[in-house]
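Numbering (this note's numbering), first residue to last: 272 to 694. Below: one structure, written as structure tokens.
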Amino acid sequence: MLPLHYIRDNKEEVIIRLAVKNFDAQSLVEKIIITDSDRRKIQTELDTLNAEANTLAKQVGDLFKSGKQSEANDLKNKSVALKETSKKLEAALASTEEELNKILVLLPNIPSKKVPKGKTPADNEVVHTDGEVPKLAADAKPHWELTTQYDIIDFELGVKLTGAGFPVYKGKGAKLQRALINFFLDNATAAGFLEIESPILVNEASGFGTGQLPDKEGQMYHVTGDNLYLIPTAEVPITNIYRDIILKAEDLPIKNCGYTPCFRREAGSYGKEVRGLNRLHQFDKVEIVQIVHPDKSYETLEEMRNYVAALLKQLELPYRILKLCGGDMSFASALTYDFETYSAAQQKWLEVSSVSNFESFQSNRSKIRFRETNGKPQLAHTLNGSALALPRIVATLLENNQTEKGIKIPKALIPYTGFDMIS
RNA sequence: GGAGAGAUGGCAGAGCGGUUGAUUGCACCUGUCUUGAAAACAGGCUUGGGUAAAACCAACGGGGGUUCGAAUCCCUCUCUCUCCGCCA
Numbered sequence: 272m273l274p275l276h277y278i279r280d281n282k283e284e285v286i287i288r289l290a291v292k293n294f295d296a297q298s299l300v301e302k303i304i305i306t307d308s309d310r311r312k313i314q315t316e317l318d319t320l321n322a323e324a325n326t327l328a329k330q331v332g333d334l335f336k337s338g339k340q341s342e343a344n345d346l347k348n349k350s351v352a353l354k355e356t357s358k359k360l361e362a363a364l365a366s367t368e369e370e371l372n373k374i375l376v377l378l379p380n381i382p383s384k385k386v387p388k389g390k391t392p393a394d395n396e397v398v399h400t401d402g403e404v405p406k407l408a409a410d411a412k413p414h415w416e417l418t419t420q421y422d423i424i425d426f427e428l429g430v431k432l433t434g435a436g437f438p439v440y441k442g443k444g445a446k447l448q449r450a451l452i453n454f455f456l457d458n459a460t461a462a463g464f465l466e467i468e469s470p471i472l473v474n475e476a477s478g479f480g481t482g483q484l485p486d487k488e489g490q491m492y493h494v495t496g497d498n499l500y501l502i503p504t505a506e507v508p509i510t511n512i513y514r515d516i517i518l519k520a521e522d523l524p525i526k527n528c529g530y531t532p533c534f535r536r537e538a539g540s541y542g543k544e545v546r547g548l549n550r551l552h553q554f555d556k557v558e559i560v561q562i563v564h565p566d567k568s569y570e571t572l573e574e575m576r577n578y579v580a581a582l583l584k585q586l587e588l589p590y591r592i593l594k595l596c597g598g599d600m601s602f603a604s605a606l607t608y609d610f611e612t613y614s615a616a617q618q619k620w621l622e623v624s625s626v627s628n629f630e631s632f633q634s635n636r637s638k639i640r641f642r643e644t645n646g647k648p649q650l651a652h653t654l655n656g657s658a659l660a661l662p663r664i665v666a667t668l669l670e671n672n673q674t675e676k677g678i679k680i681p682k683a684l685i686p687y688t689g690f691d692m693i694s
């Protein structure tokens, strides 16, 4: 949610910049500005009326005390009349505010000036490529065959227990999951991120705070009995820790990380996109989150980008970094880097991380603020990134490292797996 | 799940129908004093709307009601705590 005063003061700018996201903001912005000005008009009227009523009430009190009953009663009647008007105004104010909030939430975040124009993933800008793509034998197998061959992930069993997209990890497959999670968490904490273990069910307020609600409701699993949502990412609970908080400037930057399972309904996905580990309903992920001073957020984004790159390097996976074009960016982001690893048997790039600067878009929704000494509260900037999401890492790792003897585990991971080969 | 108690500013904790946006303590900030610090003293210290800045308005868990007037009374929802039950 963009700050209202920003929209008010930079109307043209907002419209022009949102065009980069292929979002025609013209009529929405107009409507927001009109509704806001209506709101203020009503508010001013109501304030004046309330001021009058307050004065009156005081006078009535004084008159009663000094025993002037009849005069007091006269004023009382006047006060009752005021009240009817103020009731109407209050109702008008409430409905105008509701309307304003409803449309304000429809406006996406403004993309940073560095965001390339474009409509589809094909327009994303490759900003960095690293690592060697292995030359595999002609009969190299995609990961969903390898997992069966070595009996480490059972997709059908998951279907039996739950449904498609809920795989069961077994033996070295399960150990590999645990190894990756620990590897990622250890790296994150070594880099100064405080580890958080959070709930994986969140309430509506949290879902709204990070932008999943109301618009992306269909992407989350909803526990209707208690009106809670299964988190699609640890970003939701971790960022919401700071909802409605006014931090001290010296508390910044806040660096948190956390491992959670993530749940996504992925309604509408189909075909080879969802084959094997490519797209799951439940998966494991370590997320890094930062809350920073607005002056520092782009610097922080680069730092996080470098951090994620270093992880992939340690895992010896070929990867590239994309700067997302306006059309491919998420609703809430101002600038996003996607990380993709090259899965050699599928011969395609798989997204394994997305690192974004949300500027004040989330913090405005969640009221995450900070204060300089003696200053006014102001919105902080929030950032987050996957570091990393497991399934596609596993897919790439299995495919790229397959040999006749088995699947080789990258050196950095061996202390965590306790084995150097899946065979 | 049953019974009871409670929700007030960063924290603790008053207030229970009329200058109470809120006593007080702690924390914090700014001054005075000091070579510096501590102590002491003086002042400041919720948030949002509104304004050039004020004035002004709103908010004492959320929503509704009674009243000329509510943090204070009533209804309702949510949450927390205590006891009992159940239980990893």
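Where is the CB? At the ideal position from N, CA and C, for every residue including glycine. Here the structure is a predicted model, which means the values were calculated and not measured.
Distance check for residue j and residue i, CA to CA, integer angstroms please.
i      : j      : result
Lys359 : Pro503 : 42 Å
Lys384 : Thr653 : 18 Å
Ile424 : Gln448 : 11 Å
Gly478 : Ala408 : 46 Å
Cys533 : Ala459 : 18 Å
Asn498 : Asn474 : 7 Å
Asn344 : Gly338 : 11 Å
Gln232 : His276 : Absent from the model: residue 232. The displayed extent of the chain is 272 to 694, so no value can be given.
Asp295 : Arg550 : 31 Å
Ser350 : Asn635 : 38 Å
Thr607 : Glu630 : 11 Å
Lys682 : Gly463 : 23 Å
Asn527 : Ala505 : 10 Å
Leu428 : Asp401 : 36 Å
Pro438 : Val430 : 8 Å
Phe335 : His493 : 57 Å
Glu587 : Pro405 : 11 Å
Please name the residue in the options whose C-alpha comes closest to that of residue i.
i      : options                           : result
Tyr590 : Pro565, Ile680, Gly646 and Glu403 : Glu403
Gln297 : Glu316, Leu377, Ala363 and Asp345 : Leu377
Arg536 : Asn453, Glu488, Asn458 and Val439 : Glu488
Lys373 : Asp307, Leu334, Lys354 and Ile381 : Asp307
Lys519 : Ala352, Ile467 and Lys647         : Lys647
Phe610 : Gly598, Lys594, Gly442 and Ile517 : Lys594
Ala660 : Asn321, Asn344, Asp555 and Ala411 : Asp555
Leu465 : Glu558, Lys412 and Ala538         : Glu558
Leu320 : Val494, Gly442 and Glu355         : Glu355
Phe426 : Leu548, Pro413, Lys388 and Ala343 : Leu548
Ile693 : Arg636, Thr326, His564 and Gly444 : Gly444
Val291 : Asp333, Ser601, Ile664 and Leu588 : Ser601
Phe455 : His552, Asp410, Ser657 and Pro382 : Ser657
Val386 : Val665, Phe437, Asn293 and Glu521 : Asn293
Leu375 : Leu273, Ser627, Gln649 and Leu501 : Leu273
His399 : Gln490, Tyr687, Ala581 and Leu364 : Ala581
Ser625 : Glu587, Met575 and Lys638         : Met575
Asn380 : Lys412, Val285, Ala362 and Gly436 : Val285
Ala435 : Lys312, Val545 and Asn395         : Val545
Leu715 : Glu396, Asp457 and Thr495         : The question about residue 715 has no answer here: the residues shown for the chain are numbered 272 through 694.
Leu289 : Pro382, Ile452, Tyr421 and Ala538 : Pro382
Asp422 : Leu684, Ile678, Pro686 and Val331 : Ile678
When DSSP labels each residue in this structure, what does residue i get in the three-state scheme?
i      : result
Asp515 : coil
Pro686 : helix
Arg288 : helix
Ser298 : helix
Gln617 : coil
Ala660 : strand
Asn527 : strand
His650 : Here the sequence assigns Leu to residue 650, which means His is not the residue at that position. Leu650: strand per DSSP, three-state reduction.
His276 : helix
Arg576 : helix
Asp497 : coil
Arg536 : coil
Lys676 : coil
Glu466 : strand
Lys347 : helix
Asp609 : strand
Ser383 : coil
Lys339 : coil
Val376 : coil
Please look up how many angstroms separate the CB atoms of residue i and residue j, rounded, as I've assumed it's under 8 Å.
i      : j      : result
Gly480 : Asn511 : 5 Å
Ile562 : Tyr513 : 6 Å
Ala450 : Thr667 : Incorrect: roughly 15 Å between the Cβ atoms, too far for contact.
Ile525 : Arg642 : Not a contact, Cβ separation roughly 14 Å.
Any beta strand (DSSP E) of 3 or more consecutive residues that is wholly inside the segment 538 to 569: 553 to 563
Runs of alpha helix (DSSP H) wholly within the segment 388 to 455 (minimum 4 residues, chain order): 414 to 420 and 426 to 432
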